[in-house]
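The next block holds one structure in the form of C-alpha coordinates; read it before the comments.
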Amino acid sequence: YGDAKGRHSVTIYSGAPNVPAELTDLLSELRDRSAAVPALRSVEQGDQSRIDKAEVRVARDMAAWQTLYAQHDPTTRTPPQVDFTQEGVVGVFLGFRSTGGYSVEVTRLERIGNAFYLTSEERRPSGPAPSVITAPYHLVAIEGLGQASVYVDGQKR
72 YGDAKGRHSV TIYSGAPNVP AELTDLLSEL RDRSAAVPAL RSVEQGDQSR IDKAEVRVAR
132 DMAAWQTLYA QHDPTTRTPP QVDFTQEGVV GVFLGFRSTG GYSVEVTRLE RIGNAFYLTS
192 EERRPSGPAP SVITAPYHLV AIEGLGQASV YVDGQKR
(Lines of atoms letter the chains of each structure in order from A; the text may use other names.)
(Lines give C-alpha, C1' and ligand atoms only; values in the text may rest on other atoms or scores of the structure.)
Protein backbone atom coordinates (compact mmCIF):
# COMPACT_ATOMS: atom_id res chain seq x y z
CA TYR A 72 0.00 0.00 0.00
CA GLY A 73 1.11 3.61 -0.42
CA ASP A 74 0.84 6.28 2.24
CA ALA A 75 0.59 10.08 1.89
CA LYS A 76 4.39 10.37 1.55
CA GLY A 77 4.59 7.76 -1.19
CA ARG A 78 6.14 5.09 1.01
CA HIS A 79 5.17 1.47 0.45
CA SER A 80 5.09 -1.48 2.79
CA VAL A 81 5.69 -5.12 1.85
CA THR A 82 5.13 -8.03 4.22
CA ILE A 83 7.00 -11.26 3.52
CA TYR A 84 6.25 -14.34 5.53
CA SER A 85 9.19 -16.47 6.54
CA GLY A 86 9.33 -19.91 5.04
CA ALA A 87 6.89 -19.22 2.21
CA PRO A 88 7.22 -21.97 -0.42
CA ASN A 89 8.01 -21.23 -4.07
CA VAL A 90 9.02 -17.59 -3.73
CA PRO A 91 9.12 -16.12 -7.26
CA ALA A 92 12.57 -15.22 -8.58
CA GLU A 93 11.46 -11.59 -9.04
CA LEU A 94 10.68 -11.33 -5.33
CA THR A 95 13.99 -12.94 -4.38
CA ASP A 96 15.80 -10.44 -6.64
CA LEU A 97 13.85 -7.55 -5.10
CA LEU A 98 14.74 -8.69 -1.57
CA SER A 99 18.40 -8.95 -2.54
CA GLU A 100 18.31 -5.42 -4.00
CA LEU A 101 16.63 -4.07 -0.84
CA ARG A 102 19.26 -5.72 1.35
CA ASP A 103 22.02 -4.17 -0.75
CA ARG A 104 20.40 -0.74 -0.54
CA SER A 105 19.87 -0.97 3.22
CA ALA A 106 23.59 -1.59 3.62
CA ALA A 107 24.16 1.69 1.77
CA VAL A 108 21.93 3.72 4.12
CA PRO A 109 23.92 6.71 5.35
CA ALA A 110 24.92 6.87 8.98
CA LEU A 111 23.29 9.45 11.24
CA ARG A 112 25.25 10.46 14.33
CA SER A 113 23.95 12.70 17.09
CA VAL A 114 26.55 15.40 17.69
CA GLU A 115 24.75 17.33 20.40
CA GLN A 116 21.21 17.73 21.73
CA GLY A 117 19.73 19.96 24.42
CA ASP A 118 17.49 22.87 25.31
CA GLN A 119 19.85 25.84 25.61
CA SER A 120 20.78 27.07 22.13
CA ARG A 121 21.39 30.75 21.47
CA ILE A 122 19.67 30.40 18.08
CA ASP A 123 16.37 32.05 18.92
CA LYS A 124 14.30 31.30 15.79
CA ALA A 125 12.85 27.98 14.65
CA GLU A 126 15.07 26.96 11.74
CA VAL A 127 17.25 24.31 10.19
CA ARG A 128 20.90 24.96 9.34
CA VAL A 129 23.32 22.89 7.29
CA ALA A 130 27.12 22.96 7.64
CA ARG A 131 29.02 21.27 4.82
CA ASP A 132 32.53 22.43 5.77
CA MET A 133 34.54 23.46 8.82
CA ALA A 134 34.07 27.21 8.28
CA ALA A 135 30.27 26.87 8.13
CA TRP A 136 30.36 24.57 11.18
CA GLN A 137 32.42 27.01 13.22
CA THR A 138 30.06 29.86 12.29
CA LEU A 139 26.94 27.83 13.11
CA TYR A 140 28.37 26.59 16.39
CA ALA A 141 29.54 30.05 17.48
CA GLN A 142 25.99 31.34 16.98
CA HIS A 143 24.52 28.32 18.76
CA ASP A 144 26.93 28.37 21.72
CA PRO A 145 29.17 31.45 21.83
CA THR A 146 30.74 30.38 25.14
CA THR A 147 32.44 27.30 23.65
CA ARG A 148 35.57 28.03 21.63
CA THR A 149 35.80 24.68 19.85
CA PRO A 150 32.78 22.90 18.36
CA PRO A 151 32.46 19.09 18.59
CA GLN A 152 34.64 17.19 16.12
CA VAL A 153 33.23 16.53 12.67
CA ASP A 154 35.23 15.07 9.77
CA PHE A 155 33.92 17.08 6.84
CA THR A 156 35.70 14.80 4.36
CA GLN A 157 33.20 12.12 5.45
CA GLU A 158 30.11 13.91 6.82
CA GLY A 159 28.20 17.17 7.18
CA VAL A 160 26.02 18.62 9.95
CA VAL A 161 22.33 19.44 10.07
CA GLY A 162 21.01 21.44 13.01
CA VAL A 163 17.32 21.54 13.90
CA PHE A 164 16.47 24.46 16.20
CA LEU A 165 13.05 25.12 17.75
CA GLY A 166 13.81 28.70 18.78
CA PHE A 167 12.88 30.22 22.12
CA ARG A 168 10.16 28.57 24.22
CA SER A 169 8.69 30.20 27.31
CA THR A 170 8.76 27.04 29.44
CA GLY A 171 10.90 23.97 29.95
CA GLY A 172 9.87 20.52 28.82
CA TYR A 173 10.32 21.04 25.07
CA SER A 174 12.78 19.01 23.04
CA VAL A 175 13.50 18.14 19.43
CA GLU A 176 15.06 15.04 17.92
CA VAL A 177 15.96 13.97 14.40
CA THR A 178 14.24 10.60 14.33
CA ARG A 179 14.66 9.41 10.75
CA LEU A 180 17.05 9.70 7.81
CA GLU A 181 16.48 8.47 4.28
CA ARG A 182 18.54 8.95 1.15
CA ILE A 183 16.77 9.01 -2.17
CA GLY A 184 19.04 9.67 -5.12
CA ASN A 185 21.18 12.69 -4.28
CA ALA A 186 18.91 13.99 -1.51
CA PHE A 187 18.68 13.35 2.22
CA TYR A 188 15.27 13.40 3.91
CA LEU A 189 15.22 13.92 7.66
CA THR A 190 12.26 13.77 9.98
CA SER A 191 12.32 15.62 13.27
CA GLU A 192 10.01 15.25 16.23
CA GLU A 193 9.14 18.08 18.58
CA ARG A 194 8.14 17.03 22.06
CA ARG A 195 6.06 19.36 24.21
CA PRO A 196 5.69 19.43 28.00
CA SER A 197 3.26 16.75 29.16
CA GLY A 198 2.29 18.55 32.33
CA PRO A 199 3.28 21.56 34.38
CA ALA A 200 6.65 22.86 33.22
CA PRO A 201 9.09 25.27 34.82
CA SER A 202 8.74 28.86 33.66
CA VAL A 203 12.16 29.22 32.11
CA ILE A 204 13.16 30.21 28.59
CA THR A 205 14.61 27.32 26.61
CA ALA A 206 15.73 26.86 23.00
CA PRO A 207 15.73 23.14 22.11
CA TYR A 208 18.02 21.85 19.37
CA HIS A 209 19.49 18.72 17.84
CA LEU A 210 22.73 18.67 15.83
CA VAL A 211 23.36 15.55 13.72
CA ALA A 212 26.23 14.50 11.47
CA ILE A 213 25.29 12.74 8.26
CA GLU A 214 27.72 10.50 6.42
CA GLY A 215 28.22 11.45 2.78
CA LEU A 216 26.25 14.71 2.94
CA GLY A 217 28.56 16.58 0.58
CA GLN A 218 26.53 18.88 -1.68
CA ALA A 219 23.40 16.71 -1.61
CA SER A 220 20.02 18.35 -1.16
CA VAL A 221 18.64 18.28 2.38
CA TYR A 222 14.95 18.13 3.26
CA VAL A 223 13.79 18.34 6.86
CA ASP A 224 10.15 17.57 7.55
CA GLY A 225 9.40 17.95 3.85
CA GLN A 226 11.06 21.36 3.42
CA LYS A 227 14.21 21.86 1.32
CA ARG A 228 16.99 23.47 3.37
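Be aware that the sequence shown starts at 72, since it is given in our numbering, and climbs by one per residue. Ideal placement from N, C-alpha and C gives every residue a C-beta, glycine not left out.
Exposure of residue 174, with buried meaning 16 or more beta-carbon neighbours within 10 Å: It is buried - the Cβ of residue 174 has at least 16 other Cβ atoms within 10 Å.
The segment 109–119 in contact with the segment 207–216 per 3-pair CB rule at 8 Å: Contact between the segment 109–119 and the segment 207–216 is present, because at least three Cβ pairs lie under 8 Å.
The segment 214–223 contacting the segment 152–167, beta-carbon criterion three pairs below 8 Å: In short, these stretches touch, since the Cβ pair count reaches three.
Endpoints, alpha helix (DSSP H) assigned at residue 180: Careful: residue 180 lies outside any alpha helix (DSSP H), inside the beta strand (DSSP E) at 174–183.
Simplified DSSP state of residue 189, which is helix, strand or coil: DSSP places residue 189 in strand when its eight states are reduced to three.
Extent of the continuous beta strand (DSSP E) to which residue 130 belongs: Run containing residue 130: 126–130, per the beta strand (DSSP E) assignment.
Which of helix, strand or coil DSSP assigns to residue 95: Looking at residue 95 - three-state DSSP - the assignment turns out to be helix.
Same chain, Cβ closer than 7 Å to residue 186, neighbours up to 5 away in sequence not counted: Hits under 7 Å: 219, 220, 222.
Beta-carbon spacing of residue 162, residue 203 below 8 Å: Between residue 162 and residue 203, the gap from beta carbon to beta carbon reaches 8 Å or more.
Residue 116 in three-state terms, based on DSSP: In this structure, residue 116 counts as strand in the three-state DSSP scheme.
Residue 134 - containing alpha helix (DSSP H), residue span: From DSSP, the alpha helix (DSSP H) with residue 134 extends over 133–143.
Cβ-based neighbour list, residue 112, same chain, cut-off 7 Å, excluding 5 preceding and 5 following: Only 211, 212 meet the Cβ criterion.
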